[in-house]
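Peer 1:
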Amino acid sequence: DEVPFPDVFGYFAAPGTATSLGVRFISTTRLPEPHGTCTKQKAVNGKHYTGNYDVESCFRNCLQERIVAVCKCYDPAYQHADDGGTTASCADGNQTDNLACIERIENSDSGEFNIIRDCDCPQPCEMDSYSVTVSTAKWPSTAYKPEECQQNKPGSAWEAAKMSCLEWYQKNTLLVEIYYERMNYQVLTESPAYSLVNLVSDVGGQVGLFLGMSIISVIELLTLVLLLVCYCATHKSRKREIAAIEQESHNAK
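Just so we're aligned, residue 2 is where the sequence shown starts under our numbering, counting upward by one.
What follows is the structure, given as structure tokens:
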């Protein structure tokens, strides 16, 4: 239930060509705050456009509201809610001034209005879209003869245009083929690069590492102190023993 915008998202198919449109479904899931700025809004929050929320509808609704507020008329190029004729079309009245007002608003270089800055239209957190691959070829070929050309019906369109049947088809008809490019679909999902669980895990690991190092250091320090005490005690005892032996040797002489 979305408003189509063929002027923005449409594709051209010229007469005399066969246009193939390969469609592929894409499902996108974005992260809301604090990771991103997407919105979970389901419907367009405006009076000019209705249906499911999408960025283009939001931008057009915001732009139309700004034109109505500043220019006192609505731009017929965009959808406008019925207000009982209170707001006139910018195509009526002084068209020169109305057009100048619209161009001043739509031109972001004027500084009066910037659609990105002044319109709150974030990307939806969940969005389904379609990617399209377009290919064209000349149609019909000179070797192909449409069924209508084989019937030779009098009063046909190509006879009235004084053309051959094939020439008329090449200038006035086209062939459009729409198909699924692939039978699978693509899923794009955002995930936090660093979550709270990762933070707690890393902090716990670092704290455990430092605590382990501290305990080992304390044990090593106590061992060093004990060894120093033992060394000092044994060293003094040995000095006394050596002094006693030397004294005995001196007395014996």
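The beta carbon of each residue, even a glycine, is placed where N, CA and C say it ideally should be. Note that this is a predicted model, so its numbers are computed, not measured.
In three-state terms, what does DSSP make of CYS74?
Peer 2: Your numbering for residue 74 matches position 73 in the sequence shown. Residue state, collapsed to three classes: strand.
Peer 1: Grouping DSSP H, G and I as helix and E and B as strand, with all else coil, what is ASP110?
Peer 2: Here residue 110 corresponds to residue number 109 of the sequence shown, with the count starting at 1. DSSP places ASP110 in helix when its eight states are reduced to three.
Peer 1: Where in the stretch 110-182 do unbroken runs of the alpha helix (DSSP H), each at least 4 residues long, occur, reported from the N-terminal end onward?
Peer 2: 116-119, 148-152, 158-161 and 166-173
Peer 1: For ARG25, name the three-state secondary structure that DSSP assigns.
Peer 2: Stepping through the sequence shown from its first residue, residue 25 is reached at position 24. The DSSP-derived three-state label of ARG25 is strand.
Peer 1: Would you give the residue range spanned by the beta strand (DSSP E) that VAL188 belongs to?
Peer 2: Translated into the one-based positions of the sequence shown, residue 188 becomes position 187. From DSSP, the beta strand (DSSP E) with VAL188 extends over 187-190.
Peer 1: Among all the DSSP beta bridges, which residues are the ones paired with ALA101?
Peer 2: What you label residue 101 is simply residue 100 of the sequence shown in a count that begins at 1. DSSP output for ALA101 lists no bridge partner at all.
Peer 1: Straight-line CA distance for PHE60 to CYS122?
Peer 2: Along the sequence shown, one-based indexing puts residue 60 at 59. Along the sequence shown, one-based indexing puts residue 122 at 121. C-alpha separation (whole angstroms): 7 Å.
Peer 1: Only counting runs of 4 or more residues, tell me where the alpha helix (DSSP H) segments fall wholly within the stretch 205-239, in order along the chain.
Peer 2: none
Peer 1: Less than 9 Å between the C-beta atoms of THR29 and GLU148, yes or no?
Peer 2: As a first step, residue 29 must be located in the sequence shown, where it is residue number 28. As a first step, residue 148 must be located in the sequence shown, where it is residue number 147. 9 Å or more divides the Cβ of THR29 from the Cβ of GLU148.
Peer 1: Which residue or residues does DSSP assign as beta-bridge partners of THR18?
Peer 2: Working through the sequence shown from its first residue, we reach residue 18 at position 17. Answer is LYS139.
Peer 1: Can you tell which of TYR75, VAL226, VAL198 and PRO125 has the C-alpha that lies nearest to the C-alpha of GLU104?
Peer 2: Taking the first residue of the sequence shown as position 1, residue 104 is located at position 103. That would be TYR75, whose Cα lies nearest to the Cα of GLU104.
Peer 1: Count the CB pairs spanning the stretch 165-181 and the stretch 137-145 that are closer than 8 Å, and state whether there are at least three.
Peer 2: yes
Peer 1: Thinking C-beta only, is SER132 closer than 9 Å to VAL204?
Peer 2: As a first step, residue 204 is located in the sequence shown; it is residue number 203 there, counting from the start. As a first step, residue 132 is located in the sequence shown; it is residue number 131 there, counting from the start. For VAL204 and SER132, no; Cβs fall outside 9 Å.
Peer 1: So the candidates are ASN62, LEU22 and TRP159; which of them puts its Cα closest to the Cα of GLU182?
Peer 2: What you label residue 182 is simply residue 181 of the sequence shown in a count that begins at 1. Residue LEU22 is the option with its Cα nearest to GLU182.
Peer 1: Starting from VAL9, trace the alpha helix (DSSP H) in both directions and tell me its first and last residue.
Peer 2: Your numbering for residue 9 matches position 8 in the sequence shown. 7-10 is the span of the alpha helix (DSSP H), which, as asked, contains VAL9.
Peer 1: Please report the straight-line C-alpha distance between ILE179 and ASP83, rounded to a whole angstrom.
Peer 2: The sequence position of residue 179 within the sequence shown is 178, counting from 1. The sequence position of residue 83 within the sequence shown is 82, counting from 1. Rounded to the nearest angstrom, the two C-alpha atoms are 36 Å apart.
Peer 1: Buried or exposed: PRO35, going by 16 or more other Cβ atoms within 10 Å of its Cβ?
Peer 2: Locating residue 35 in the sequence shown gives position 34, where the first residue counts as 1. With fewer than 16 Cβ atoms within 10 Å of its Cβ, PRO35 is classed as exposed.
Peer 1: Rounding to the nearest angstrom, what Cα-Cα distance links ASP98 and SER192 in this structure?
Peer 2: By one-based count along the sequence shown, residue 98 stands at place 97. By one-based count along the sequence shown, residue 192 stands at place 191. If I take the Cα positions, the gap works out to 50 Å.
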